[in-house]
Amino acid sequence: MTKRIVHYINQFYAGIGGEDKADHRPERRDGFAGPGMALGAALKDAAEIVGTVICGDSYFNEHPDEVTPQVLEMIRGYAPDLVIVGPAFNAGRYGMACGMVAKAVSEQLELPVVGGMYIENPGLDLYKRYGYFVETANSATGMRQAIPAMAALARTLLAGEQPAGGYIERGLRKNYFAEKRGSRRAVDMLLKKLAGESFATEYAMPVFDRVEPQPAIKDVRRARLALVSSGGPVPKGNPDHIESSSASKYGKYSLKDIDDLNAQNSETAHGGYDPVYANQDLDRVLPVDVIKELLRDGEFGSLHEYWYSTVGNGTSVANAKKYAAAIAEQLLADHVDGVILTST
Numbered sequence: 167m168t169k170r171i172v173h174y175i176n177q178f179y180a181g182i183g184g185e186d187k188a189d190h191r192p193e194r195r196d197g198f199a200g201p202g203m204a205l206g207a208a209l210k211d212a213a214e215i216v217g218t219v220i221c222g223d224s225y226f227n228e229h230p231d232e233v234t235p236q237v238l239e240m241i242r243g244y245a246p247d248l249v250i251v252g253p254a255f256n257a258g259r260y261g262m263a264c265g266m267v268a269k270a271v272s273e274q275l276e277l278p279v280v281g282g283m284y285i286e287n288p289g290l291d292l293y294k295r296y297g298y299f300v301e302t303a304n305s306a307t308g309m310r311q312a313i314p315a316m317a318a319l320a321r322t323l324l325a326g327e328q329p330a331g332g333y334i335e336r337g338l339r340k341n342y343f344a345e346k347r348g349s350r351r352a353v354d355m356l357l358k359k360l361a362g363e364s365f366a367t368e369y370a371m372p373v374f375d376r377v378e379p380q381p382a383i384k385d386v387r388r389a390r391l392a393l394v395s396s397g398g399p400v401p402k403g404n405p406d407h408i409e410s411s412s413a414s415k416y417g418k419y420s421l422k423d424i425d426d427l428n429a430q431n432s433e434t435a436h437g438g439y440d441p442v443y444a445n446q447d448l449d450r451v452l453p454v455d456v457i458k459e460l461l462r463d464g465e466f467g468s469l470h471e472y473w474y475s476t477v478g479n480g481t482s483v484a485n486a487k488k489y490a491a492a493i494a495e496q497l498l499a500d501h502v503d504g505v506i507l508t509s510t
């Protein structure tokens with residue numbers, strides 16, 4: 167008997183629209199849609215995609231308590247043997263939605279889940295233990311590699327077997343008895359490191375870029391400066407709808423006629439910290455009042471007309487680099503000599 171699969175995707179891959187349709191409410195469609203066509207082809211002799219469940223990324227993330235049960239019931243209605251989510255690549259809100267679906271399906275329907283995400287997608291760390299996730303490329307350019315890898319995992323699980331590999335470690339803890347206790351092992355590693363000997367750490371740390379500082383500005387009084395922030399400072403109402411976590415964009419806002427950021431003209435979009443004091447006086451995050459005062463006093467030459475803002479909370483390194491490159495291009499075009507970069 168052919169196994170039954172339900173596929174969860176967002177509004178973009180369903181062909182409904184992009185950001186303008188990110189508030190699309192949950193719906194179900196019989197059969198496959200979007201990348202489900204390729205998945206169905208890869209699984210044609212083992213399983214059939216009997217239904218596709220769709221929801222807009224913003225709508226899911228803004229109403230998770232309401233949406234999750236709705237999506238779960240739509241999935242349950244198809245009586246599947248397995249559920250596939252994504253692949254979400256490095257789309258943060260999509261990854262979070264895929265993760266929430268995986269958690270609900272795993273816990274409440276007790277079905278296996280297969281998905282795909284970029285290693286820095288915030289949804290992966292939070293939800294990887296609820297499914298078998300393939301590591302994908304940063305963007306949909308990696309679709310051709312993600313689909314066969316996800317299909318292979320689905321085949322193995324549908325056959326009632328445990329995959330031997332091909333997925334990101336799920337983070338499930340397993341107890342074991344070591345010959346030496348942890349403090350002794352740590353001291354042994356430290357002694358080997360001090361002696362210049364090789365050793366294997368039990369907890370591999372991430373490797374981050376080392377950024378060499380630029381030369382100091384020779385004459386600040388002639389310099390053109392700009393304000394950039396990852397602390398989420400935006401005009402009142404957050405006109406670009408920058409997300410409070412896993413930002414998918416940055417904003418560019420005019421400083422013309424603004425000498426002070428206050429509760430009437432600005433706010434922070436940033437999540438993960440108490441925004442009360444920032445929203446009372448956003449100069450605490452982006453010091454527009456001080457920079458304008460220093461400009462009037464002749465402490466530096468001139469000020470770039472705009473400030474740039476995004477949210478650092480949960481935002482991947484890959485996206486941060488992308489935003490930085492785009493912002494830097496605009497700053498270079500305006501002959502900016504230095505940037506004051508603030509966070510939370």
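Counting in the working numbering, the sequence shown runs from 167 upward without gaps.
Don't be surprised by glycine CBs; every beta carbon is placed ideally from N, CA and C.
Keep in mind that this is a model prediction, so the values were computed, not measured.
Taking only runs of the beta strand (DSSP E) that begin and end inside the region 420-484, which ones reach a length of at least 3 residues, in chain order?
-> Those beta strand (DSSP E) runs which fall completely within the region 420-484 and span 3+ residues are 432-434, 468-475.
Scan the region 276-359 and note each continuous alpha helix (DSSP H) run of 4 residues or more that stays entirely inside, going in chain order.
-> Taking only runs of at least 4 residues, the alpha helix (DSSP H) segments lying wholly in the region 276-359 are 288-293, 309-324.
Which whole-angstrom value is the C-beta distance of Glu409 and Val456, which I expect to be below 8 Å?
-> Against the sequence shown, residue 409 aligns to sequence position 243. Against the sequence shown, residue 456 aligns to sequence position 290. Contact check for Glu409 and Val456: beta-carbon distance about 28 Å, past the 8 Å limit, so the pair fails to qualify.
Cβ neighbour criterion (16 or more within 10 Å) applied to Met240 = Position 74 of the sequence shown, counting from 1, holds the residue named residue 240. Classification of Met240: buried, given that the 10 Å Cβ count is 16 or more.
Determine, using beta carbons only, whether Ala484 and Asn304 come nearer to each other than 8 Å.
-> Here residue 484 is taken as the residue at index 318 of the sequence shown, counted from 1. Here residue 304 is taken as the residue at index 138 of the sequence shown, counted from 1. Cβ atoms of Ala484 and Asn304: closer than 8 Å.
Expected contact under 8 Å - CB spacing of Gly282 and Phe299 to nearest Å = Taking the first residue of the sequence shown as position 1, residue 282 is located at position 116. Taking the first residue of the sequence shown as position 1, residue 299 is located at position 133. Sure, about 6 Å apart at Cβ, within 8 Å.
Going by DSSP, what residues sit across from Asn176 in a beta bridge?
-> The residue labelled residue 176 in the question sits at position 10 within the sequence shown. According to DSSP, Asn176 bridges with Cys221.
Since Ile250 and Met316 are thought to touch, with beta carbons under 8 Å apart, how far apart are those beta carbons, to the nearest angstrom?
-> Translated into positions along the sequence shown, residue 250 becomes position 84. Translated into positions along the sequence shown, residue 316 becomes position 150. For Ile250 against Met316, the beta-carbon gap comes to about 6 Å, under 8 Å, which counts as contact.
Tell whether a beta-carbon distance below 8 Å holds between Arg321 and Leu393.
-> Locating residue 321 in the sequence shown gives position 155, where the first residue counts as 1. Locating residue 393 in the sequence shown gives position 227, where the first residue counts as 1. Contact: no.
Just curious, the beta strand (DSSP E) that Ala392 is in, first and last residue?
-> In the sequence shown, the residue the question calls residue 392 occupies position 226. Ala392 -> beta strand (DSSP E) spans 390-395.
May I ask which residues mark the beginning and end of the alpha helix (DSSP H) holding Thr234?
-> Here residue 234 is taken as the residue at index 68 of the sequence shown, counted from 1. In the DSSP assignment, Thr234 falls within the unbroken alpha helix (DSSP H) covering 230-243.
For Asn479 versus His436, is the C-beta distance shorter than 8 Å?
-> Counting from 1 along the sequence shown, the entry for residue 479 is found at position 313. Counting from 1 along the sequence shown, the entry for residue 436 is found at position 270. It is a contact, given that the beta carbons lie within the stated cut-off.
Taking only the alpha-carbon atoms, compute the straight-line gap between Lys269 and Gly504 and give it to the nearest angstrom.
-> Stepping through the sequence shown from its first residue, residue 269 is reached at position 103. Stepping through the sequence shown from its first residue, residue 504 is reached at position 338. If you draw a straight line from the Cα of Lys269 to the Cα of Gly504, it comes to about 45 Å.
With 16 other Cβ atoms within 10 Å as the buried cut-off, status of Phe226 | As a working note, residue 226 is residue 60 in the sequence shown. Answer is buried; the Cβ neighbour count reaches 16.
Tell me where the beta strand (DSSP E) around Leu248 begins and ends.
-> Translated into positions along the sequence shown, residue 248 becomes position 82. It spans 248-255 - the beta strand (DSSP E) in which Leu248 sits, taken as one unbroken run.
Which of helix, strand or coil does DSSP assign to Lys187?
-> In the sequence shown, residue 187 corresponds to position 21, counting from 1. In the structure shown, Lys187 sits in a helix (DSSP, three-state: H, G or I).
Taking only the alpha-carbon atoms, compute the straight-line gap between Lys415 and Glu185 and give it to the nearest angstrom.
-> The count along the sequence shown starts at 1 and reaches residue 415 at position 249. The count along the sequence shown starts at 1 and reaches residue 185 at position 19. Cα to Cα, Lys415 sits roughly 11 Å from Glu185.
Pick from Val271, Met262, Ser224, Arg259: whose alpha carbon is nearest that of Pro235?
-> The sequence position of residue 235 within the sequence shown is 69, counting from 1. Closest by C-alpha distance to Pro235, out of Val271, Met262, Ser224, Arg259, is Val271.
On the three-state DSSP scale, how would you describe Arg376?
-> If you number the sequence shown from 1, residue 376 lands on position 210. Reduced to three states, the DSSP call for Arg376 is coil.
Since Glu286 and Ser482 are thought to touch, with beta carbons under 8 Å apart, how far apart are those beta carbons, to the nearest angstrom?
-> Here the question's residue 286 lines up with position 120 in the sequence shown. Here the question's residue 482 lines up with position 316 in the sequence shown. Rounded, the Cβ-Cβ distance is 4 Å, consistent with contact.
Taking the beta strand (DSSP E) that Arg387 falls in, what are its first and last residues?
-> For the purposes of this step, residue 387 is identified with residue 221 of the sequence shown, where counting begins at 1. Where Arg387 is concerned, there is no enclosing beta strand (DSSP E), given that its DSSP letter is neither H nor E.
From the DSSP output, read off the bridge partner residues of Ala213.
-> If you number the sequence shown from 1, residue 213 lands on position 47. DSSP output for Ala213 lists Lys169 as bridge partner(s).
CB-CB under 7 Å to Ala245, same chain, minus the five flanking residues each way: which ones, in chain order?
-> The sequence position of residue 245 within the sequence shown is 79, counting from 1. Arg170.
Go through its chain and collect everything with a Cβ distance to Leu290's Cβ below 8 Å, but skip five positions before and after it.
-> For the purposes of this step, residue 290 is taken as residue 124 along the sequence shown, with counting starting at 1. Here the set comprises Gly261, Gly265, Met283, Tyr284, Phe299, Ile334.
Bridge partners - Asp196, DSSP secondary structure assignment | In the sequence shown, residue 196 corresponds to position 30, counting from 1. Looking at the DSSP output, Asp196 shares a beta bridge with Gly217.
Starting from Gly265, trace the alpha helix (DSSP H) both ways and give me its first and last residue.
-> By one-based count along the sequence shown, residue 265 stands at place 99. Boundaries of the alpha helix (DSSP H) around Gly265: 258-270.
From Leu391 to Asp463, what distance separates their C-alpha atoms?
-> Along the sequence shown, one-based indexing puts residue 391 at 225. Along the sequence shown, one-based indexing puts residue 463 at 297. Using only the alpha carbons, I get a separation of about 14 Å.
Contact check, Ser432 vs Lys402 under 8 Å by CB: the rounded distance?
-> Here the question's residue 432 lines up with position 266 in the sequence shown. Here the question's residue 402 lines up with position 236 in the sequence shown. Here Ser432 really is in contact with Lys402; their C-beta atoms are around 6 Å apart, less than 8 Å.
Local Cβ density within 10 Å of Asn341, reported as buried at 16 or more and exposed below that = In the sequence shown, counting from the first residue as 1, residue 341 sits at position 175. That one is exposed.
Whole-Å CB distance - Thr168 paired with Gly197, under 8 Å assumed | Start at 1 with the first residue of the sequence shown, and residue 168 comes out as number 2. Start at 1 with the first residue of the sequence shown, and residue 197 comes out as number 31. Not a contact, Cβ separation roughly 14 Å.
Span of the beta strand (DSSP E), counted from its first residue to its last, around Gly504 | Here residue 504 corresponds to residue number 338 of the sequence shown, with the count starting at 1. That run of the beta strand (DSSP E) goes 504-508.
Under 8 Å between the Cβ atoms of Arg242 and Leu275?
-> Within the sequence shown, the letter at position 76 stands for residue 242. Within the sequence shown, the letter at position 109 stands for residue 275. Contact: yes.
Opposite Pro201 in the DSSP bridges: which residues?
-> On the sequence shown, position 35 is the one that residue 201 refers to. BP columns for Pro201 are empty, so no partner.
Within the same chain, show all residues whose beta-carbon is closer than 6 Å to that of Val386, passing over the 5 residues directly before and after it, in chain order.
-> Locating residue 386 in the sequence shown gives position 220, counting from the first residue. Non-local beta-carbon contacts of Val386 in its own chain, meaning distances under 6 Å to residues more than five positions away in sequence, involve Phe466 in chain order.
I think Leu319 touches Leu277, with their Cβ atoms under 8 Å apart; what is that distance to the nearest whole Å?
-> Along the sequence shown, one-based indexing puts residue 319 at 153. Along the sequence shown, one-based indexing puts residue 277 at 111. In this structure Leu319 does not touch Leu277 by the C-beta definition: roughly 14 Å separates them, more than the 8 Å allowed.
Return yes when the Cβ of Val279 is within less than 8 Å of the Cβ of Gly297, no when it is not.
-> Stepping through the sequence shown from its first residue, residue 297 is reached at position 131. Stepping through the sequence shown from its first residue, residue 279 is reached at position 113. Cβ atoms of Gly297 and Val279: closer than 8 Å.
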